[in-house]
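Numbering (my numbering), first residue to last: 103 to 842. By construction, the Cβ of each residue, glycine as well, lies at the ideal position given by its N, Cα and C atoms. Have a look at the structure below, then the notes.
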Amino acid sequence: MNATHISTSEDDSISPSEAAAQTPASIGSSAALISFFVIISRITGFMRTWAMAFALGSTMLASSYQVANNLPNMLYELVMGGMLVTAFLPVYMSVKAKLGDRGGNEYASNIMSIAFIVLGAVALVCTIFAPALIFTQSFMNDQSTMDDAIFFFRFFAIQIVFYGLSSIVSGLLNASRDYLWSSAAPIFNNIIVTATFVLYAFVAPHDSELAKLIIAVGNPLGVFVQMAIQLPALKRNGIKLRLRVDLRDPALKETLAIGVPAILVMCAGLVVVSIQNAAAYGALDNGPSIIAYARLWFTLPYAFLTVPITTAMFTEISEMHANGNTRGFKRGIISGTNQIVFFMVPFALYLIVFAEPLVTLYHIGAFTEDNISQIALYLAALALSLPFYGINTYLQKVFSAMRIMGRYAVMMVACIAFQIGFIAIFATGIGGPLNIGMPAIALSETAYYLVLDIVCFVYLRETMGALGLKSTVISFLRSFLLGLLGASVGALVVTGLSATIAPLNGSIPNALICIFCGGLLALIVTFGLAIKLKLSEASMVSSLIEKVARRFKRKTAELPAGDDEAALDSASANADTHDNTQHLGASSAQNNDVVARHHGVEASAEDLDSEVVLPLGKHAARPRDAHDASPLERGRHAAARNSAQASDAAPLRQRGRHASPAKAHGLHATVKAPSSFSTETEFGRHAALPAETRENSSAVESPTHAISEASRRTSPSGGPKHARTAERDAGRKNGPRHAK
């Protein structure tokens with residue numbers, strides 16, 4: 103998978119020593135860890151959905167399960183989730199900075215204790231009044247058919263507590279730059295739930311009630327394990343929690359001030375999701391399960407390619423905004439948006455073309471061929487919203503970093519009202535001849551996200567001035583044309599194969615053939631052309647290809663002996679560092695701002711509203727302003743930049759294809775690149791929609807990245823070995839790429 107280098111530039115007022123200390127040299131390494139576990143989580147998430155298809159199919163029982171499983175998510179987000187996502191991390195880091203670790207522990211203990219009490223009470227109420235709550239999701243349907251949903255929900259209600267505690271624990275670990283267990287936790291959840299579905303399939307023919315009980319117990323057990331498995335890591339990071347309730351804590355008041363608007367957002371989100379579920383039930387008995395199966399594929403490219411950008415950026419842009427670095431903050435908004443667009447637009451077209459073979463992979467057990475066509479149609483309609491969905495999740499973080507969630511909430515509520523009207527006209531009987539059923543529910547997503555994104559950007563431009571939106575429009579058009587070419591080739595391949603050797607008649611092997619052959623050619627056409635045209639957004643893809651090719655050659659080549667071997671190892675390590683910097687930095691900083699780290703050169707655009715394409719590598723532009731770097735651009739060589747700024751020297755120009763490691767205050771800032779980026783938490787309307795939205799992605803929901811002891815343990819920089827490497831490289835920084 104791909105990766106994106108997330109980095110930021112510091113405000114000018116920060117001293118060189120402070121800047122060096124705050125430089126997130128571990129961003130690439132942390133993102134690599136996140137992305138690795140996101141990939142594993144998505145794989146296990148697919149196994150979970152496949153097991154559900156095998157056991158339940160797309161039936162009324164499957165819809166009952168989905169509604170009962172999503173409702174705890176929705177209620178958690180409504181009561182506290184949105185507040186924790188938007189307010190806990192910024193306030194916790196602020197308290198820790200002012201009062202130290204002890205103050206941070208006291209604040210975290212207070213929040214966790216209050217969350218446990220409040221969410222526990224909510225779970226108890228949900229268990230007692232389960233029928234009334236299920237009615238909110240099925241008021242257009244016959245309530246006599248809701249017994250299974252009520253049964254499941256009485257067991258699933260306790261998940262509200264586990265979601266809240268898990269979110270806080272993950273946030274604490276991520277604030278300490280410890281991503282291992284918070285990233286891996288959802289995998290264990292998926293494994294447990296998958297096992298319960300498989301067990302259900304074998305027990306159901308003999309005892310259907312016992313089989314349903316297995317699912318009812320297995321689901322909350324999986325969420326509990328997801329939370330509990332992270333607890334030991336708290337102690338290792340010096341985080342000590344205790345039962346403590348202090349309603350007069352000033353930090354609690356600050357949390358409420360920031361997070362209360364999120365409650366308004368969640369109330370509006372709960373309304374629209376309830377209407378969607380009810381409309382889906384009204385259209386088809388298996389309507390909610392159609393939504394759930396389709397959203398697994400819908401969120402897949404989003405999770406791999408969008409989430410890590412937003413995840414890694416939240417803390418960084420929050421810091422930039424707090425430091426008053428408006429230029430860097432604005433550049434971070436646009437460069438992140440452009441990179442999301444570059445990937446999400448083509449993948450939206452791919453989802454349309456490959457909808458049928460993708461859904462065919464569910465065709466096993468209770469999943470029928472009729473279900474394939476229903477879900478494929480919904481997925482194709484839903485795919486249109488993918489780019490706007492990805493952008494919106496990033497804009498949520500932007501408004502949160504600016505601490506103006508109240509304004510975002512107002513805009514979101516207005517757009518939700520528009521979407522509800524859309525659903526009422528086109529997805530229910532109110533619209534009469536305009537009623538198109540399930541596809542209208544999917545299309546309402548596109549209408550909602552498109553309008554909300556436009557409104558958000560208009561507000562940001564009016565508030566902050568020129569952002570560089572022309573570059574985003576240009577990036578969108580280029581991505582659409584390239585994606586259309588790739589998707590067209592993929593469609594021709596699928597059509598040819600399905601008419602000859604691999605007919606799409608419900609066969610999983612045939613579907614895999616169509617997906618592999620057509621998908622591979624589609625990717626080659628789209629991103630191969632982007633590389634050939636030397637688009638700045640494609641630098642990430644091209645550097646990844648070069649890195650893989652170089653490693654393959656290195657494995658097949660004979661290594662020199664003695665000193666030459668050591669030199670070659672060092673050169674190879676630096677080559678990896680260069681590729682990681684180019685690979686990640688280029689994918690984030692595009693069109694309006696690109697920083698060529700591996701040459702020690704910074705490039706920026708003076709006119710933010712003009713199209714500026716500043717590619718990395720050999721075509722890197724000369725610097726204009728060393729302090730204009732985007733939040734997406736402070737990376738592994740930021741230490742060198744800080745050193746240069748401290749001495750008022752020009753940015754270093756390093757010769758050769760690969761930049762030598764820089765020394766700045768004794769720091770060798772070098773990290774390995776992530777393999778891909780992938781929820782953040784999307785609080786709001788779809789925080790709770792499919793189970794996998796939280797359970798497959800929650801590992802990466804709390805975005806933080808900067809140097810710390812925890813991150814240095816996973817970073818290849820900083821040790822004696824790398825200090826020696828830095829000395830050797832400093833002595834031959836003008837040398838060739840590889841030692842002979």
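(message) Going by beta-carbon coordinates alone, are Ala225 and Ile252 separated by less than 7 Å?
(response) Reading the sequence shown from its first residue, position 123 is the one you call residue 225. Reading the sequence shown from its first residue, position 150 is the one you call residue 252. Here Ala225 is not near Ile252, since their CB atoms are 7 Å or more apart.
(request) Could you check if Phe304 is buried or exposed, using at least 16 other CB atoms within 10 Å of its CB as the buried criterion? (result) Here the question's residue 304 lines up with position 202 in the sequence shown. Counting Cβ neighbours within 10 Å, Phe304 comes out exposed, since fewer than 16 surround it.
(request) Would you decide whether Thr462 is buried or exposed? Buried here means 16 or more other CB atoms lie within 10 Å of its CB. (result) Mapped onto the sequence shown, residue 462 falls at position 360. It is buried - the Cβ of Thr462 has at least 16 other Cβ atoms within 10 Å.
(request) State yes or no: is the C-beta of Leu584 within less than 7 Å of the C-beta of Leu631? (result) Here the question's residue 584 lines up with position 482 in the sequence shown. Here the question's residue 631 lines up with position 529 in the sequence shown. Taking 7 Å as the Cβ cut-off, Leu584 and Leu631 qualify as a contacting pair.
(message) By the three-class DSSP mapping on this structure, what secondary structure does Phe148 have?
(response) Within the sequence shown, the letter at position 46 stands for residue 148. Residue state for Phe148 is assigned as helix, using DSSP reduced to three classes.
(message) For Phe604 and Ala593, what's the separation of their Cα atoms in angstroms?
(response) For the purposes of this step, residue 604 is taken as residue 502 along the sequence shown, with counting starting at 1. For the purposes of this step, residue 593 is taken as residue 491 along the sequence shown, with counting starting at 1. Sequence check: residue 604 is Ala here, not Phe. Distance between the alpha carbons of Ala604 and Ala593: 14 Å.
(request) Decide if Val263 is buried, meaning its Cβ has at least 16 other Cβ atoms within 10 Å, or exposed. (result) For the purposes of this step, residue 263 is taken as residue 161 along the sequence shown, with counting starting at 1. Flag for Val263 reads buried.
(message) Below 8 Å, how does it come out for the stretch 365-374 and the stretch 298-313: are there three or more Cβ pairs, yes or no?
(response) The stretch 365-374 is not in contact with the stretch 298-313.
(message) Under 8 Å, with one C-beta from each stretch per pair, do the stretch 277-293 and the stretch 328-339 reach the 3-pair mark?
(response) In short, these stretches touch, since the Cβ pair count reaches three.
(message) So, for Pro470: in the same chain, excluding its five sequence neighbours on each side, which residues have a beta-carbon less than 8 Å away from its beta-carbon?
(response) What you label residue 470 is simply residue 368 of the sequence shown in a count that begins at 1. The sequence given here has Thr at residue 470, not Pro. Here the set comprises Gly159, Ser160.
(message) Let's test the definition: count the other Cβ atoms within 10 Å of the Cβ of Asn175 and tell me whether it reaches 16, buried, or not, exposed.
(response) Numbered from its first residue, the sequence shown carries residue 175 at position 73. Buried is the label assigned to Asn175, since at least 16 other Cβ atoms lie within 10 Å of its Cβ.
(request) Leaving out five residues on either side along the sequence, give the residues of the same chain with a beta carbon under 6 Å from the beta carbon of Met149. (result) The residue given as residue 149 occupies position 47 in the sequence shown. These residues qualify, in order along the chain: Thr296.
(request) State the Cα-Cα distance for the pair Phe56 and Ile289, rounded to the nearest angstrom. (result) Nothing in the structure corresponds to residue 56, since the chain is present only between 103 and 842.
(request) Reducing DSSP to helix, strand and coil, say where Met504 ends up. (result) The residue you call residue 504 lines up with position 402 of the sequence shown. Met504 falls in the coil class under three-state DSSP.
(request) Counting only the same chain and skipping the five closest in sequence on each side, list residues whose C-beta sits under 6 Å from that of Thr151. (result) One-based indexing of the sequence shown puts residue 151 at position 49. Taking C-beta separations shorter than 6 Å and ignoring five residues to either side along the sequence, the partners of Thr151 in its chain run Leu398, following chain order.
(request) Would you be able to state if there are at least three C-beta pairs under 8 Å between the stretch 542-556 and the stretch 406-425? (result) By the Cβ test, the stretch 406-425 is not in contact with the stretch 542-556, since fewer than three Cβ pairs between them sit closer than 8 Å.
(message) I'd like the span of the alpha helix (DSSP H) that includes Leu552, first residue to last.
(response) Looking up residue 552 in the sequence shown gives position 450. Taken as a continuous stretch (DSSP letters only), the alpha helix (DSSP H) holding Leu552 covers 540-566.
(message) Are the CB atoms of Met162 and Ala385 within a distance shorter than 7 Å?
(response) Position 283 of the sequence shown, counted from the start, is the residue given in the question as residue 385. Position 60 of the sequence shown, counted from the start, is the residue given in the question as residue 162. At a Cβ-Cβ threshold of 7 Å, Ala385 and Met162 do not count as neighbours.
(message) Could you give the first and the last residue of the continuous alpha helix (DSSP H) run that contains Ile603?
(response) Numbered from 1 along the sequence shown, position 501 holds the residue referred to as residue 603. For Ile603, no alpha helix (DSSP H) segment is defined, and its DSSP state is neither H nor E.
(message) Helix, strand or coil, according to DSSP, for Leu463 in the structure here?
(response) By 1-based counting over the sequence shown, the position of residue 463 is 361. It is coil, neither helix nor strand.
(message) Please return the same chain residues whose Cβ sits closer than 7 Å to the Cβ of Gln239, not counting the five positions on each side in sequence.
(response) Numbered from 1 along the sequence shown, position 137 holds the residue referred to as residue 239. The answer, listed in chain order, is Val169, Leu173, Ser376, Asn379, Ala380.
(request) Give the C-beta separation of Ile617 and Pro459 to the nearest angstrom, bearing in mind that I take them to be a contact with Cβ-Cβ under 8 Å. (result) On the sequence shown, position 515 is the one that residue 617 refers to. On the sequence shown, position 357 is the one that residue 459 refers to. Their Cβ separation, rounded to whole angstroms, is 5 Å, which keeps Ile617 and Pro459 in contact under 8 Å.
(message) Classify Val347: buried if its beta carbon has 16 or more other beta carbons within 10 angstroms, exposed otherwise.
(response) By one-based count along the sequence shown, residue 347 stands at place 245. Counting every other CB atom within 10 Å of its CB across the protein chains shown gives Val347 a total below 16, marking it as exposed.
(message) I need the straight-line Cα distance from Phe528 to Pro352, nearest angstrom please.
(response) One-based indexing of the sequence shown puts residue 528 at position 426. One-based indexing of the sequence shown puts residue 352 at position 250. Distance between the alpha carbons of Phe528 and Pro352 is about 48 Å.
(message) Quick check: the Cα distance between Pro307 and Ala313, rounded to an integer number of angstroms?
(response) Numbered from its first residue, the sequence shown carries residue 307 at position 205. Numbered from its first residue, the sequence shown carries residue 313 at position 211. The straight-line gap separating the alpha-carbon atoms of Pro307 and Ala313 is approximately 9 Å.
(message) Tell me the rounded alpha-carbon separation between Asp472 and Thr530.
(response) Taking the first residue of the sequence shown as 1, we reach residue 472 at position 370. Taking the first residue of the sequence shown as 1, we reach residue 530 at position 428. Taking the straight line from one Cα to the other gives about 22 Å.
(message) Tell me the residue span of the alpha helix (DSSP H) that contains Ala347.
(response) To locate residue 347, count along the sequence shown from 1; it is residue 245. According to the sequence as given, residue 347 is Val; it is not Ala. Premise fails: Val347 is in no alpha helix (DSSP H) and is neither H nor E.
(message) Tell me which residues share the same chain as Ala752 and place their Cβ nearer than 6 Å to its Cβ, disregarding the 5 neighbours each side in the sequence.
(response) Here residue 752 is taken as the residue at index 650 of the sequence shown, counted from 1. Bear in mind that a pLDDT of 39 at Ala752, under 50, signals an unreliable position, so the number given afterwards is only what the model happens to contain. If we look at Ala752 and ignore the five residues flanking it on each side, it has no Cβ neighbours.
(message) Considering only their Cβ atoms, is the gap separating Leu569 from Lys432 smaller than 7 Å?
(response) Position 330 of the sequence shown, counted from the start, is the residue given in the question as residue 432. Position 467 of the sequence shown, counted from the start, is the residue given in the question as residue 569. Taking 7 Å as the cut-off, the Cβ atoms of Lys432 and Leu569 count as close.
(message) Would Gln328 and Asn292 qualify as a contact pair, given that the criterion is a beta-carbon distance under 7 Å?
(response) For this step, residue 328 is matched to residue 226 along the sequence shown. For this step, residue 292 is matched to residue 190 along the sequence shown. Taking 7 Å as the cut-off, the Cβ atoms of Gln328 and Asn292 do not count as close.
(request) Please check the pair Leu599 and Cys619, which I expect to be a contact at CB under 8 Å, by giving their CB distance rounded to whole angstroms. (result) To locate residue 599, count along the sequence shown from 1; it is residue 497. To locate residue 619, count along the sequence shown from 1; it is residue 517. Rounded to the nearest angstrom, the Cβ distance from Leu599 to Cys619 is 6 Å, consistent with a contact under 8 Å.
(request) Using alpha carbons as the reference points, say which of Ala640, Thr439, Ile454 lies closest to Asn494. (result) Counting from one through the sequence shown, the residue named residue 494 turns up at place 392. Checked all of Ala640, Thr439, Ile454; the closest Cα to Asn494 is Thr439.
(message) Is the beta carbon of Tyr209 closer than 7 Å to that of Val220?
(response) Here residue 220 corresponds to residue number 118 of the sequence shown, with the count starting at 1. Here residue 209 corresponds to residue number 107 of the sequence shown, with the count starting at 1. In this structure, Val220 lies away from Tyr209, with their beta-carbon atoms at least 7 Å apart.
(message) Within the continuous alpha helix (DSSP H) that includes Met162, where are the two ends?
(response) Counted from its first residue, the sequence shown places residue 162 at position 60. Taken as a continuous stretch (DSSP letters only), the alpha helix (DSSP H) holding Met162 covers 162-178.
(request) Using alpha carbons as the reference points, say which of Met154, Ser285, Ser638 lies closest to Gly467. (result) By one-based count along the sequence shown, residue 467 stands at place 365. Ranking Met154, Ser285, Ser638 by Cα distance to Gly467 puts Met154 first.
(message) Assuming Thr229 is part of the alpha helix (DSSP H), what are its boundary residues?
(response) Within the sequence shown, numbered from 1, the residue matching residue 229 stands at position 127. In this chain, the alpha helix (DSSP H) harbouring Thr229 covers 191-230.
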